[in-house]
Amino acid sequence: MTSAWLMDDSNEDPRLPHHLNPNQFVSLDQLAELGILYWKLNSDVYENDEELTKIRILYWKLNSDVYENDEELTKIRKTRGYNYMVDLLDLCPEKVENYAEKLKNFYTEHIHQDEEIRYCLEGSGYFDVRDKDDRWIRILIKAGDLIILPAGIYHRFTLDTSNYVKLMRLFKGEPVWTPYNRPQEEHPARKEYIKGLTEKIGISLAAH
75 MTSAWLMDDS NEDPRLPHHL NPNQFVSLDQ LAELGILYWK LNSDVYENDE
125 ELTKIRILYW KLNSDVYEND EELTKIRKTR GYNYMVDLLD LCPEKVENYA
175 EKLKNFYTEH IHQDEEIRYC LEGSGYFDVR DKDDRWIRIL IKAGDLIILP
225 AGIYHRFTLD TSNYVKLMRL FKGEPVWTPY NRPQEEHPAR KEYIKGLTEK
275 IGISLAAH
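Just so you know, we're using my numbering here: the sequence shown kicks off at 75 and counts up by one.
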């Protein structure tokens, strides 16, 4: 089971956990209120969940050691239409040129016009997403986790203090990764995200 919590406002190293004091963990029910759903799938038993129609952020637990022939990953790709999956991102100081600049870009708050699909093969890191009150929720991802962020959600990414993560980036069609830094309240993807969340889940997100 993944962990998620509300973040503090500290300007300390973003790779630290940044828990509040006392800790305020975010439950699966609280995530579901935002349209953020989590579950751990057994690759031997797969069921089509009606909740798939309401998903805004998806989480699966997969076997990252055998991803090339992982039947569960194949099913997810087929269901979601992800036909491009060979893009691997090795993030660590030894393997990435301009490492600090890359991390700075990833950690700048932004949206995308398409889903962001990331499968963690090795290492660990944090995806931060905004809640309905514009607070940051930090989501820990580790090897075996697949997460999908909907188009239009404000988010960012950073490594943790291990300084290493290997991610597979999946796409529908040709791979495109274009960040639109905040503010983007008039961006069609942002408007659609807010509209969908309000209509399907009954939560109104005000512009900040």
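Beta carbons are placed, not taken as given, at the ideal position from N, Cα and C, and that holds for glycine. In this text, all values refer to a predicted model and were calculated from it rather than measured experimentally.
When only Cα atoms are considered, K216 and P262 end up about 32 angstroms apart. Every alpha helix (DSSP H) stretch that sits fully inside the region 144 to 173 and reaches 4 residues is listed by chain position as 145 to 154. DSSP places I227 outside both helix and strand once states are collapsed to three, so it counts as coil.
It is roughly 15 angstroms from the alpha-carbon of W79 to the alpha-carbon of F231. Note on the region 187 to 271: whole beta strand (DSSP E) runs with a minimum of 3 residues are 190 to 204, 210 to 216, 219 to 223, 229 to 233 and 239 to 245, in chain order.
For L80, the enclosing beta strand (DSSP E) has its first and last residue at A78 to L80. Between the alpha carbons of I213 and L233 lies a distance of about 11 angstroms. Using a Cβ-Cβ distance cut-off of 8 angstroms, the region 197 to 209 and the region 236 to 249 are in contact, since at least three pairs of beta carbons, one from each stretch, lie closer than that value. Within 10 angstroms of the beta-carbon of P224 lie 16 or more other beta-carbons, which makes it buried.
If you ignore the 5 residues before and after V170, its C-beta comes within less than 8 angstroms of the C-beta of D164 and K176, all in its own chain and listed in chain order. Counting only residues of its own chain and dropping the five nearest sequence neighbours on each side, H92 has a CB closer than 7 angstroms to the CB of M81, D82, S84 and R212. About 6 angstroms separates the beta carbon of L108 from that of D205, a gap short enough to meet the 8 angstroms contact definition. R209 is positioned such that its CB atom lies no closer than 8 angstroms to that of Y228. Counting only the Cα atoms, R154 lies some 22 angstroms from E273. Between R243 and D188, the CB-CB gap reaches or exceeds 8 angstroms.
In the assembly as shown, D87 is an exposed residue. Its beta-carbon has fewer than 16 other beta-carbons within 10 Å. In this structure, the alpha-carbon of H184 lies about 18 angstroms from that of A174.
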